[in-house]
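Positions in the sequence shown are counted from 1; adding 681 to them yields this note's numbering. Heads up, the beta-carbon is just placed ideally off N, CA and C, and yes, glycines get one too. In what follows, a structure is listed as structure tokens, so that the remarks can point back to it.
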Amino acid sequence: MTGSIVILLGAPGAGKGTQAKRLCDSTGLVHVSTGDLFRENQSKGTPLGLEAKGYMEKGQLVPDDLVLRMLFDRVSRPDTRRGYVLDGFPRTEPQAEALTKALEAQGAAKPMVVQLDLDDDLIVERAAGRLICAACGHIQHLKFSPPKRAGVCDVCGGELRQRKDDQPDVVRERLAVYHRQTAPLVAYYERQGVLERVDGSLEPDDVFAQLVELVRPSLVRGEN
Ligand code: AMP
């Protein structure tokens, strides 16, 4: 039996990573980001990281079999027993189907799915200013959460960098991929009766407040 599973859906740059981290800090759920796992694999130079690199730099999706192997390996670790927040997964219908089947096989409750809604124009603007700490993964933004010292992470003092795939042409490709392959998952989870929506254009604190309101009752009842 697994604990609560929350899936954050939304276009790249809609705020899933930031919100997932906050949600995990406040609930004790474990943050599972497939993008972070790929980036970790790349910085360690593993075969999986090398295989994923070309797709990521072009803004394309990594093939499902690689993603699924990595994801199931991660969520089978004991720290996820009380539940986890999925960020950036699933991104295709076969990924969603594989997750549904795996959860059913474990006798787990259905996940709770929250879609962060945000316009493409805002996403391109946000991605252009997004900075990620090379040391701890903390996310800042030139306009919305500017670093106290330019280029330096407020949390750990590490170096803040722009992700290669946050450059405007790559962001546009990632958005096209999102609309083609990932957006249909909204209808997939709607059909399962587990989809909630939050307005991702609000201030991050307001997005978080709405997210917690949706998620916390299910955690307390232990149903999700
Ligand atoms: P993210 O950090 O979630 O924006 O992911 C960065 C990149 O990693 C994506 O643009 C994809 O190339 C790859 N990636 C992450 N998660 C997945 C997934 N579930 N399926 C396929 N590719 C993924």
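Straight-line gap, residue i to residue j (C-alpha atoms, nearest Å)
i, j, result
"R750", "L729", "10 Å"
"A809", "Q787", "41 Å"
"R878", "A816", "32 Å"
"P865", "E774", "8 Å"
"L680", "R763", "Because the chain here runs from 682 to 905, residue 680 falls outside it and cannot be looked at."
"K965", "K791", "With the chain running from 682 to 905 in the structure shown, residue 965 is simply not present."
"G696", "V888", "9 Å"
"D847", "A783", "32 Å"
"K739", "R844", "12 Å"
"Q796", "V867", "7 Å"
"L803", "R853", "12 Å"
"L752", "Y765", "12 Å"
"G903", "A733", "Its pLDDT being 49, under 50, G903 is placed unreliably by the model, and nothing is read from it."
"L823", "R830", "11 Å"
"G818", "A777", "26 Å"
"D886", "I813", "19 Å"
"V833", "G839", "6 Å"
"Q700", "I820", "11 Å"
"D706", "V836", "14 Å"
"D880", "G698", "15 Å"
"T727", "L747", "13 Å"
"M682", "R897", "Because M682 carries a pLDDT of 47, less than 50, the predicted location of this residue cannot be relied on, and no value is offered for it."
"A890", "E884", "10 Å"
"S826", "F719", "25 Å"
"G735", "K725", "16 Å"
Option in the options with minimal Cα separation from residue i
i, options, result
"D801", "T781, R772, P693 and Q723", "P693"
"L731", "E738, Q723 and K845", "Q723"
"P759", "G684, A890 and E721", "G684"
"L742", "D835, R807 and V851", "V851"
"T863", "E884, D745 and L752", "D745"
"F770", "T727, G716 and I813", "G716"
"T761", "R872, Q873, L710 and E871", "L710"
"Y869", "A779, Y736 and E721", "A779"
"R872", "T781, M737 and R811", "T781"
C-beta atoms of residue i and residue j nearer than 8 Å
i, j, result
"H914", "D754", "Nothing can be reported for residue 914, as the shown portion of the chain is limited to 682 through 905."
"L704", "L892", "yes"
"S714", "L799", "no"
"L789", "I688", "One detail in the question is off: residue 789 reads as Ala in this sequence, not Leu. Not closer than 8 Å, so no."
"L841", "P828", "yes"
"T708", "L900", "yes"
"V794", "V858", "no"
Min CB distance residue i to chain D below 8 Å
i, result
"L900", "This model lacks chain D altogether; it includes just one protein chain."
- prompt: In chain order, which alpha helix (DSSP H) runs of at least 4 residues are fully inside the segment 748-776?
  reply: none
message: What ranges does the alpha helix (DSSP H) occupy inside the segment 698-754, keeping only unbroken runs of at least 4 residues that lie completely in it?
response: 715-725 and 728-739
query: Which residue spans inside the segment 805-830 form an unbroken alpha helix (DSSP H) run of at least 4?
result: With a minimum length of 4 residues, no continuous alpha helix (DSSP H) run stays inside the segment 805-830.
query: Which runs of the alpha helix (DSSP H) spanning at least 4 residues fall entirely within the segment 826-890, listed in chain order?
result: 849-858 and 865-872
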